[in-house]
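These notes are about the structure you will find just below.
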Amino acid sequence: MQQCWMCCGAMLMSIFTLRFLYGLPYSHLLVGFGDWRVLVLLIMYVATGLMTGLVVKRLGAVAKALCVPIYLGGCYAYAVRSGSAALTLQVVVAWVASTSCVLIFAVSKAMQGRSRGRALSTRQPNAAEEG
């Protein structure tokens, strides 16, 4: 629900800025959607919102914060592809290291949840719980 309100607020601010600050017609809201770069950014934004919701629900807010380098790596790859950034070894090494940390954290968190679930399902009641 929070993301819905954020989306509505962002849309209203865009309309306000476009119409009242710059005096442009509403048709300018659709300018750019014919460009593939705009569509890539829009798809990345939507995918980030969806993945953030899933990550927070499954792994918690810490994992969401750790996923920021993965998303920024995707943005950087896009910048390299479009020619506005250069690909260097230091960037690749930093991205691989941070992505590895995120994946290790996610796997350990998932394994911890599984082992906790097994322990609860195989637990035998003690005498105090029975009587």
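Quick note on numbering: the working numbering labels position 6 of the sequence shown as 1105, and the sequence is numbered without any gaps.
The C-beta atom is built at its ideal place from N, Cα and C for all residues, glycine as well.
This one's a predicted model, so the numbers in the text were calculated from it and none came from an experiment.
Continuous alpha helix (DSSP H) stretch holding residue i: start and end
i            : result
residue 1171 : 1167–1181
DSSP three-state assignment for residue i, whether helix, strand or coil
i            : result
residue 1144 : helix
residue 1159 : coil
residue 1187 : coil
residue 1137 : helix
residue 1115 : helix
residue 1121 : coil
residue 1132 : coil
Inter-residue CB distance, residue i and residue j (contact presumed, cutoff 8 Å)
i            : j            : result
residue 1117 : residue 1127 : 6 Å
residue 1143 : residue 1172 : Incorrect: roughly 12 Å between the Cβ atoms, too far for contact.
_Stretch-stretch touch, CB-based, cutoff 8 Å, three pairs: the segment 1180–1188 with the segment 1202–1214_ = no
*Quick check: the segment 1136–1147 against the segment 1171–1179, are there 3 or more CB pairs under 8 Å?*
yes
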